[in-house]
Each structure stands twice: as C-alpha cells, then as structure tokens.
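Below is one structure, written out as structure tokens, with a few remarks after it.
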Amino acid sequence: MSKIPTNANSIGKKFRTSLLLCLATILLVLFTKEITIWTPFTESIKEEYCPARFPLHASDDLSVQNILHDPEYKQLSIKRLAGAIQIPTVIHDDNPQPKYSPEYYKEWYTFHEYLAEQFPLVHKYLKKETVNNASLLYTWQGSNPDLKPIIFSAHIDVVPVESSTVQQWEHPPFSGHYDEESDTIWGRGSFDAKNLLIAQFEAIEHLLSSGKFTTKRTILLSYGHDEETGGAQGANSISKLLLNRYGPKGILALFDEGAGVIPLKDNKTFVAAILNSEKGYVDLAIKLSGTGPGRTGHSSQPPDHTHIGVAADLISLLEKHSFKSNFKVTNPTFEFLTCAAEHSLGLPRYLQWLISSARHNRLAEYALGRLLDAQESFKYYFKTSQAIDIIQGGNKANALPEYVTFTINHRIEIESSVNETISHFISLAKIIASKYHYSIFLDGKTVINEHPQKELAPASIDIQPIGLLEPSPITPAEGDLWDILTGTVQYIFEDSMGKTSASNLFMAPALSPGNTDSKHFWDVTDHIYRFIGSIVPSDILDTTHSVNEHFVMNHHLQTIAFVHQFILNINTFGPDL
Ligand SMILES: [Zn+2]
C-alpha cells in the first residue's frame with residue numbers, strides 16, 4: 001500500500017528558510033526574458049494541465065445506484081467484508097511453499113471456500129483456477145477473443161498483528177466490527193487489501209445478477225497469497241501463467257491496490273491519485289568480518305577499531321551522504337502537485353506560481369525541487385531512500401566481535417537504477433575500506449583487494465544485494481484508456497458525493513514509493529493502475545500495517561461501484577483498445 005502526502009497546502013508554512021532561497025530564485029526567473037514580470041500570477045495558474053473530466057457512463061448501462069445508495073445492499077456488503085476480515089490469513093516472512101505446508105495455509109483454504117459461499121454467481125460463470133495451491137485466478141470469458149483482457153487484482157494475505165499492540169485496537173483486529181456511528185469497518189485487511197478483493201467480487205456478482213450483461217472483453221481476477229512477503233509464490237506464478245496464455249503484453253490493463261481519491265487539506269478539493277509508477281527496490285546485506293591479529297581476540301587487548309566500530313563509521317558516513325534529490329517535472333508526482341496548484345484553495349500563491357512555472361522554466365523547476373527536498377512528506381518521491389534497519393554483531397563482553405552484519409533498505413528513485421544505488425554504497429565503502437584496510441566484495445566478486453600490513457589480519461566488507469527491483473515502467477496518463485478510467489471516476493463521484501463536491505474532483509497520475517504485486521506483471525501489460533477507486537483519507541493510510549486498521553463503508557461501496565462502472569464503460573467505449 002502506498003501513501004500520497006496530502007499536505008501540499010502546508011508546504012509554505014513550515015519552511016521559511018527554503019522560501020528565501022526560492023524567492024531569490026523566483027526573482028531571477030522573473031527577469032528572464034521568457035516570462036514577463038507581472039503575468040505569471042494571472043496566466044500561469046490557468047487550469048491547463050489538470051482539467052476537469054467529463055463523467056462517463058454507458059447509456060444502456062446497469063445502474064450503480066443500488067450499490068451506492070441501497071441500505072439493504074450496504075448491509076449485505078458489510079457482512080461480506082466483515083466475514084473476509086474474520087479469516088486470519090496472516091503471513092510471516094519465510095512463508096513455506098503451499099504444496100509442502102497445507103497446515104500453514106489452512107486459513108487461505110477457508111478463505112477460498114468463503115468466497116465460493118458468498119459469491120455464487122462468480123463461481124458459476126467464471127472459471128476458477130488455484131495457482132500454486134493458495135493463490136486464485138478467475139476468468140470471465142469475453143465474447144470477443146480479439147480483445148485483450150483486463151485484470152483486477154488484490155491479495156489474500158495480511159500482515160500480522162503485533163501481540164503487544166492488540167490492546168491498543170479500538171476493536172479487535174480480526175473482529176470485522178462495523179461501527180454504525182462512524183460508518184467504519186475494523187480489522188486487519190479492512191484496507192490492505194481484503195476491501196479491494198471483496199469489492200471486485202461484489203462488482204462482478206452484481207453485474208451477473210442482472211442477467212443482462214455480457215462482457216466483450218475477458219475479465220480476470222488475480223489474487224496472490226503472499227503479497228506481503230513479495231509475491232514470489234503467488235502473483236509471480238499467476239503472471240507466468242498469464243504470459244504463457246496471452247503472450248507478452250497480451251493484457252490491456254491491470255488494476256491493483258494503491259491510492260484512491262485524496263481529499264486535500266482545504267477539504268473541498270479532491271485529487272484522484274492514480275499511481276502509474278513505482279520506485280525500485282534493493283536491500284544491501286553488509287557483512288564486516290575477518291579474524292586474526294589486530295581484528296579479533298580477547299577484549300582486554302583490543303585494536304583501536306573493532307568490526308563494530310568500523311561498521312559504525314561506515315553507517316555514519318552513509319547517513320551523512322544520503323542520496324541526492326532528482327526532482328524533475330517528468331516525475332509523475334509533479335502531476336499531482338499540478339492539480340493541487342491549479343485547484344487547491346489553500347495553497348500559497350507563490351507556491352502555486354512556482355509549480356505552474358516549473359513545467360516550462362528550469363530555474364523554477366530547480367527552486368521547486370529544493371523546496372520539496374526540505375519536506376519530509378515529499379522528499380522521497382524524488383530521491384532514493386536508504387534506511388539502515390537491521391544490525392547484529394558481537395556475542396560476549398570479553399570477546400572481540402568476529403563479524404558485524406547490517407542491512408540497508410533502499411527505495412530507488414524512478415530515474416535511477418539498482419546499479420546506481422549499489423555504486424553509491426560502494427563509493428562510500430571504499431573510503432572506509434581504505435581507512436581500516438578492508439577488502440570489498442560484491443556478490444562474492446572482488447571490488448577491492450586490500451593487503452593490510454603484516455601485523456593486521458585481512459578483513460572484508462561483503463555486499464549482498466537482495467530483492468533487486470528496478471523502478472517500474474511509467475503507465476501513460478493520456479489516451480483513450482486514461483479517458484475511460486478518469487471519466488468513470490468522475491461519474492461515480494458525481495453519483496456518490498453529489499455534483500457540487502464532484503466538481504472539485506481532479507485526476508492525476510502519481511508515483512508509488514512502495515511496491516505491490518503489480519511488479520510481477522510488467523511483461524504482460526503496459527498499463528498498470530494502482531488505484532482503488534474510492535476516497536482514501538490520510539488518517540486511514542496511517543493505520544495500514546499498524547494498529548486500528550479500518551475503512552469507511554461508504555468508501556468501500558465506491559470501490560465496488562467503480563469496478564462495476566469501469567467494466568461497463570470499457571465494454572461500450574473501449575472496443576478498439
Ligand atoms: Zn497490500
């Protein structure tokens with residue numbers, strides 16, 4: 001799951017010093033010949049790049065009224081989602097392969113049965129396949145085999161609940177409790193991602209229940225069983241099967257978990273953040289080791305620097321030289337900022353102007369980049385993050401440590417790469433290696449072979465990259481498919497929230513700082529949208545993978561309506577896609 005910052009409006013308040021730098025830059029910009037001094041404030045904040053969308057609904061369609069407004073339907077939906085939350089499909093790291101460990105996955109099999117009970121029409125009319133035993137793939141065969149299928153995806157597993165925090169939950173984590181007063185449903189998976197999985201089933205069950213609708217295009221439902229541990233067993237197996245069945249890029253589009261419609265701080269403007277890209281990923285497992293003179297032995301005669309001390313120096317150097325920001329207007333997050341600049345009522349005027357100008361003016365782009373880099377909630381959308389989050393070493397007070405290990409987690413900036421990230425580490429490790437006479441090995445291959453003086457035993461810094469993932473391709477945020485998607489969102493929100501509120505709704509692509517199961521599907525489709533089609537308030541995002549995970553039921557109904565309407569709209573408006 002991904003978090004989109006909503007506090008674009010507060011940027012100006014917190015960073016007065018950055019502002020000074022920017023104002024200086026702005027003055028420079030004002031005096032460049034491309035922009036006349038007084039026009040920017042009136043001309044550059046035109047609604048040029050984030051226009052309102054026309055609501056789109058197929059004229060002969062089945063109504064989403066029932067989904068959004070019928071109290072009986074809502075009661076049934078509450079029951080269905082609550083029941084899904086009550087099945088604790090909790091996954092831990094190092095989950096075994098399902099075929100060898102049926103006991104580990106017994107809740108998954110209960111969940112499969114639960115789906116069959118709750119959604120009889122889906123199970124009657126769609127072909128169900130179990131993939132790698134615990135994952136699920138459903139195929140709703142379209143009438144036109146020439147049209148590429150669409151995938152709706154989510155995941156069956158949920159993250160564990162830390163036992164020491166159970167008491168902090170307002171309602172028990174696997175209760176699926178519905179609180180009528182706040183219209184919220186509670187529990188692990190209520191937002192990540194059983195809500196989405198159940199909504200996709202609900203939408204198709206609803207379409208089938210009319211008995212009137214046939215899909216021209218094949219619709220696939222894809223549910224991995226291990227997204228929270230990387231999806232290597234589940235989504236990865238499903239994508240291979242689909243690649244084999246439909247060929248490279250044989251799928252039109254994939255919808256997966258991600259962001260939704262974000263209310264901005266003015267509480268009047270909404271931006272549908274359609275995540276069309278993801279940062280890359282790599283963990284570096286680092287080991288400093290070496291035994292013998294000057295390195296290890298009895299702690300009564302220590303060297304000036306033990307492996308722990310050297311590791312500390314290296315970590316300190318890493319944190320002093322974190323990755324540099326690479327803000328560019330081509331970063332998808334810039335489109336989200338553009339919507340805020342063109343429409344938010346609370347954004348300071350100078351910031352509106354700076355965002356609007358950045359698209360055409362390198363100095364404004366630079367100034368905005370500096371400003372955003374000072375923002376905790378924005379900076380990692382534009383640069384690679386590094387977090388040293390595991391460290392181990394030493395086991396006895398009177399024995400010098402023979403090795404130290406630590407792990408650095410990286411989320412790689414969209415225009416960077418795994419190689420560039422590793423090179424950044426090596427360039428700093430070389431400084432430490434030369435200072436303390438260590439060799440460096442990357443993946444077992446020599447980077448530097450250091451021959452220390454005779455009285456000092458050899459030692460090494462070993463680098464093991466784990467979980468390598470390049471930044472994702474960027475799905476185009478234009479064209480017919482984009483228009484059908486955004487038109488569908490506009491239509492659902494006009495119906496759900498009323499025309500006045502929906503007139504302040506805008507659509508933007510955006511970047512996901514985290515990864516979803518969609519990373520396994522790059523070969524099968526060029527269009528990946530990590531978007532759930534409902535309002536997602538920021539306080540709910542804060543509970544993901546943490547205590548008090550919950551979701552608003554009326555927003556859940558929006559997701560159902562969105563999936564329902566998108567299938568209808570693509571059927572009518574997308575026959576040539
Ligand atoms: Zn998830």
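The opening position of the sequence shown corresponds to residue 1 in the UniProt record's numbering, with each subsequent residue numbered one higher. Backbone N, C-alpha and C define an ideal beta-carbon position, used for all residues, glycine too.
Any non-hydrogen atom of ligand 1 within 7 Å of residue i CB
i, result
"His155", "yes"
"Glu278", "no"
"Thr165", "no"
"Ala58", "no"
"Thr516", "yes"
"Glu180", "no"
"Glu227", "yes"
"Glu478", "no"
"Glu549", "no"
"Glu257", "yes"
Cβ distance (whole Å) where residue i is taken to contact residue j below 8 Å
i, j, result
"Ser518", "Ser135", "Contact flag wrong, Cβ pair sits at about 15 Å."
"Lys216", "Asn144", "5 Å"
"Val563", "Ala199", "6 Å"
"Tyr138", "Leu126", "4 Å"
"Arg188", "Val161", "6 Å"
"Pro513", "Tyr381", "7 Å"
"Ala477", "Cys339", "Ala477 to Cys339, Cβ: 11 Å. No contact."
"Gln490", "Pro120", "At roughly 33 Å, the Cβ-Cβ gap does not stay under 8 Å, so Gln490 and Pro120 are not in contact."
"Glu455", "Pro293", "6 Å"
"Val158", "Thr89", "6 Å"
"Ala399", "Ser299", "6 Å"
Alpha-carbon spacing of residue i relative to residue j, whole angstroms
i, j, result
"Thr572", "Ser63", "14 Å"
"Gly250", "Thr525", "6 Å"
"Lys148", "Asp256", "17 Å"
"Gln565", "His57", "7 Å"
"Ile67", "Ala561", "6 Å"
"Gln141", "Glu202", "18 Å"
"Asp373", "Pro51", "27 Å"
"Glu450", "Ala433", "8 Å"
"Glu342", "Lys268", "13 Å"
"Pro348", "Leu264", "14 Å"
"Thr544", "Ser190", "9 Å"
"Gln558", "Tyr281", "32 Å"
"Asn276", "Thr333", "10 Å"
"Leu481", "Ile151", "14 Å"
"Ala232", "Ile414", "22 Å"
"Leu19", "Phe406", "In this prediction, Leu19 scores a pLDDT of 44, lower than 50, which makes its location untrustworthy; no coordinate-derived value is stated."
"Asp443", "Asp462", "7 Å"
"Glu228", "Ile87", "16 Å"
"Tyr436", "Glu365", "42 Å"
"Tyr246", "Lys240", "10 Å"
"Thr296", "Ala459", "10 Å"
"Leu428", "Lys320", "10 Å"
"Thr184", "Asp576", "40 Å"
"Leu568", "Ile484", "10 Å"
"Pro452", "Gly290", "12 Å"
"residue 583", "Pro173", "Outside the shown range of the chain (1 to 577) lies residue 583, about which nothing can therefore be said."
"Ser322", "Asn361", "27 Å"
"Leu288", "Asp266", "51 Å"
"Trp186", "Phe441", "48 Å"
"Thr500", "Gln386", "43 Å"
"Gly176", "Ile262", "24 Å"
"Thr25", "Tyr49", "Low local confidence applies: a pLDDT of 44 at Thr25 is under 50, so the model's placement there is unreliable, and no value is given."
"Leu541", "Val447", "42 Å"
Cross-strand partners of residue i (DSSP beta bridge)
i, result
"Gln392", "Thr405"
"Glu278", "Ser512"
"Lys445", "Leu442"
"Ser153", "Ser222"
"Ser289", "Tyr403, Ser460"
"Pro537", "Its beta-bridge partners do not exist; DSSP assigns none."
"Glu129", "Leu137"
"Met507", "Ala272"
"Thr184", "Asp179, Val552"
"His410", "Val282, Gln386"
"Ala469", "Note on residue identity: the sequence assigns Leu, not Ala, to residue 469. Answer is Tyr281."
"His298", "Ala399"
Check: residue i C-beta below 7 Å from any heavy atom of ligand 3
i, result
"Asp192", "By its list of ligands, the structure shown excludes ligand 3, since it contains just ligand 1."
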